[in-house]
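Asks: I'd like to ask you about the structure that follows.
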Amino acid sequence: MDHIPNFSWTNIAIALLIALISALAMGAFFSKNQMPVEGKTILITGASEGMGRSAALQLAAKGASVILVSRSADKLAAVVAECEAAARDPQTQRFAFFTADVSKPDYAAPLLADAVAWNGGRPLDVVWCVAGTSTPDFWLEVPLSRSRSQMDINYWGAAEMAHAVLRLWCAPGAPVVPEPKHLVFTSSVLAFFPVVGYGPYTPAKSALRGLADTLVQEVEAYPQAVRVHVVYPGSISSPGFERENRTKPAVTRVIEDGDPVQTPDAVAAAAIAGLEKGHYAITVAFLGHVLRWGVQGGSPRNNWFVDTIMACLVPIVWIFALPDVYSKIRKYTKEHGHPATYRNKSITD
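The sequence shown begins at 19 in this note's numbering and counts up one residue at a time.
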């Protein structure tokens, strides 16, 4: 009698399922670039540093002309020079910057008018809203003005731009062409799982997720091809992260201990890779993937098979992870007392 190998058809099926999920997750079956940028014009807010700067440089290296926006003309001029040096085809690509404060009402329409004029009257192909700021603290312990200012920058800064550019792209007289325009929001993994200490910040990023989930449906009602995307980064080792740590409560650092801190280049590269795959909700690290799988709700799926399987598995993770988070908060509170007594301590305490 022949020797029977020490495996079963069940094991084979499991192995094949794992291989299939891995292949789908890596985009092996969907290799076509869904957002080619060579010869296209892209506007990026928050482009003077951090993720916005890295995205501008990487898109320049892929052949795009880039319009950079932030409040600092000196920083923008330096990034324009870097983009020119990184350009794939310096003879055809163009770069420019415009200064704007995205927290100010009605900033977007005049900015877009200037950008379109610079682009020879042609519509922009991609608009990526990166501008944002985080000033962590206890929501109860700071004035509401702190939350309002972060809402102005993180939510309204992107919402103003989205409203202005979609009214251009989807106007009754706007051209209907096969190749889509792309509107890209930048939210945060905190929109999936809020963390104590980010009370002034998280509501704005959560609101942005809600707006994007609505707009991705709304653009379906228009004849013009427009795709909406949302990038959900975690901690980024940028100047903004250094500023964030100045006010971050110590208990927040306890919760975040061990979380990955990615470079701006890594985050921008992962975000662009997700855009090229045609993903709607783009997470840039494994922890972000897990958080997204756990709270997908009514958001469009990047991959129905993978996302459905993982949405079933991730709740099991929360059985262990969520009690641990609350245990750390309670332990810290027990040791340090009322937040008002320690929120101003040095981050090195």
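Note that CB positions come from ideal geometry on N, CA and C, so glycine has one too.
Exposed or buried, what is R71 when buried is set at 16 or more other beta-carbons lying within 10 Å of its beta-carbon?
Replies: Numbered from 1 along the sequence shown, position 53 holds the residue referred to as residue 71. Buried, since its Cβ has 16 or more Cβ neighbours within 10 Å.
Asks: Got a sec: does the ligand FMN put a non-hydrogen atom nearer than 6 Å to the Cβ of P193?
Replies: In terms of ligand content, the structure shown is empty, and the ligand FMN therefore cannot be addressed.
Asks: May I ask you to verify whether the stretch 286 to 296 touches the stretch 333 to 340, counting CB pairs closer than 8 Å and requiring at least 3?
Replies: The stretch 286 to 296 is not in contact with the stretch 333 to 340.
Asks: Roughly how many whole angstroms lie between the Cα atoms of L84 and L129?
Replies: Along the sequence shown, one-based indexing puts residue 84 at 66. Along the sequence shown, one-based indexing puts residue 129 at 111. Here residue 84 is Val; the residue named in the question, Leu, does not match the sequence. In a straight line, the C-alpha of V84 is about 14 Å away from that of L129.
Asks: For V84, report the span of its beta strand (DSSP E) as first-last.
Replies: For this step, residue 84 is matched to residue 66 along the sequence shown. It spans S83 to S88 - the beta strand (DSSP E) in which V84 sits, taken as one unbroken run.
Asks: For A126 and K349, what's the separation of their Cα atoms in angstroms?
Replies: If you number the sequence shown from 1, residue 126 lands on position 108. If you number the sequence shown from 1, residue 349 lands on position 331. Between A126 and K349, the C-alpha separation is close to 46 Å.
Asks: Hey, does S121 have any beta-carbon neighbour from chain B nearer than 7 Å?
Replies: The structure shown contains no chain B; it holds only a single protein chain.
Asks: Assign N320 to one of two classes, buried (16 or more other C-beta atoms within 10 Å of its C-beta) or exposed (fewer than that).
Replies: Here residue 320 is taken as the residue at index 302 of the sequence shown, counted from 1. It counts as buried.
Asks: Taking the beta carbon of N172 as the centre, do at least 16 other beta carbons fall within 10 Å, making it buried, or is it exposed?
Replies: By 1-based counting over the sequence shown, the position of residue 172 is 154. When all chains shown are included, N172 counts as buried.
Asks: Can you grab the Cα-Cα spacing for the pair S253 / W146, in whole Å?
Replies: Within the sequence shown, the letter at position 235 stands for residue 253. Within the sequence shown, the letter at position 128 stands for residue 146. Distance between the alpha carbons of S253 and W146 is about 19 Å.
Asks: When burial is assigned at 16 or more other CB atoms within 10 Å of the CB, is S408 buried or exposed?
Replies: Because the chain is modelled from 19 through 367, residue 408 falls outside the range shown and cannot be assessed.
Asks: So is F323 buried or exposed if we call it buried at 16+ other beta carbons inside 10 Å?
Replies: Numbered from its first residue, the sequence shown carries residue 323 at position 305. Burial call: exposed.
Asks: DSSP on K80, reduced to helix/strand/coil?
Replies: Within the sequence shown, the letter at position 62 stands for residue 80. Looking at K80 - three-state DSSP - the assignment turns out to be coil, as it is neither helix nor strand.
Asks: Would you mind sorting C101 into buried or exposed? The rule is 16 or more other CB atoms within 10 Å of its CB.
Replies: By one-based count along the sequence shown, residue 101 stands at place 83. Looking at its Cβ environment, which holds 16 or more other Cβ atoms inside 10 Å, C101 is buried.
Asks: To the nearest whole angstrom, what separates the beta carbons of G312 and V332, a pair I think is in contact under 8 Å?
Replies: By 1-based counting over the sequence shown, the position of residue 312 is 294. By 1-based counting over the sequence shown, the position of residue 332 is 314. Yes, G312 and V332 are in contact; Cβ-Cβ is about 4 Å, under 8 Å.
Asks: Return the CA-CA distance between R185 and A284, expressed in angstroms with no decimal places.
Replies: As a first step, residue 185 must be located in the sequence shown, where it is residue number 167. As a first step, residue 284 must be located in the sequence shown, where it is residue number 266. Taking the straight line joining both Cα atoms gives about 32 Å.
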